[in-house]
Amino acid sequence: MESYSVCDCSILDLNKHHSDRKGNLSVVQNSITIPFDVKRVYYLYDVPGGESRGSHAHRELSQLIVAASGSFRVVLDDGKVKRTFFLNRPYQGLIVKPGIWRDLDDFSSGAVCMVLASDVYKPEDYIRDYDDFLNYRQEISTHK
Ligand code: TYD
149 MESYSVCDCS ILDLNKHHSD RKGNLSVVQN SITIPFDVKR VYYLYDVPGG ESRGSHAHRE
209 LSQLIVAASG SFRVVLDDGK VKRTFFLNRP YQGLIVKPGI WRDLDDFSSG AVCMVLASDV
269 YKPEDYIRDY DDFLNYRQEI STHK
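Start counting at 1 in the sequence shown, then tack on 148, and there's your number in the numbering used here.
Laid out in structure tokens, this is it:
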């Protein structure tokens, strides 16, 4: 099991196709734009001001998180280092590698958080307790 750090998670610039007076279009393509194949798309919306989401890590799942509308903050944590990203552009996405804890907050009114994921929904892939997460990080770093 590969042990990723927050340094392996970064903002990806998506293609932005601009049409004069007709708006913009951005594209995500399996294996071309992103380093995994997308098996699931879900999106968070109507998040009340002041609420936070996330607060979990995934064992295997990779994700691309996009602020399809509005803005929000994502704090990534690999058990040692935290990195904060503010997403507010629909032509950018944040790649989140497996084994990284994430907290999302500071949602603007009308924010849409679109997530492209490398697998279908598997509850057993989630780690929802922070102490369990730290133990898991310890485990994967000693089994490298
Ligand atoms: P949850 O993971 O708790 O949301 P967040 O981490 O953003 O706060 O998911 C909320 C609910 O939606 C929970 O009951 C599980 C369900 N859900 C699915 O059924 N399929 C999915 O793909 C996802 C992401 C969530």
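For each residue, glycine too, the CB sits at the ideal point set by N, CA and C.
Runs of the beta strand (DSSP E) lying entirely within the stretch 187–274, each at least 3 residues long, are 188–192, 201–206, 211–217, 220–225, 230–235, 240–244, 249–253, 260–265 in chain order. With fewer than three CB-CB distances shorter than 8 Å, the stretch 196–204 does not count as touching the stretch 262–269.
In the same chain as VAL154, and ignoring 5 residues on each side of it, the C-beta atoms closer than 6 Å to its own belong to LEU224, ASP226, VAL229, ARG231, in chain order. Secondary structure of SER167 (DSSP, three-state): strand.
Distance from the Cα of LEU242 is smallest, within the candidate group GLY258, SER219, GLN211, ASP185, for GLN211. Sequence-distant Cβ neighbours of LYS170 in its own chain, meaning closer than 6 Å and more than five residues away, do not exist here. Between the stretch 157–165 and the stretch 174–183, the count of C-beta pairs closer than 8 Å reaches three or more; the two stretches touch. Taken through DSSP and simplified to helix, strand or coil, LEU160 comes out as strand. A residue is called buried once 16 or more other Cβ atoms fall within 10 Å of its Cβ, and ILE275 is buried on that count.
Excluding the 5 residues flanking it on each side, ARG201 has same chain C-beta neighbours closer than 7 Å at LEU192, VAL195, LEU252, in chain order.
One alpha carbon belongs to VAL244, the other to VAL186, and they sit about 13 Å apart.
A direct Cα-Cα distance of roughly 16 Å separates ARG250 from SER219.
Burial is judged here by how many other beta carbons sit within 10 angstroms of a residue's own beta carbon; SER151 has at least 16 and is buried. Closest by C-alpha distance to SER217, out of HIS291, LYS270, SER256, is SER256.
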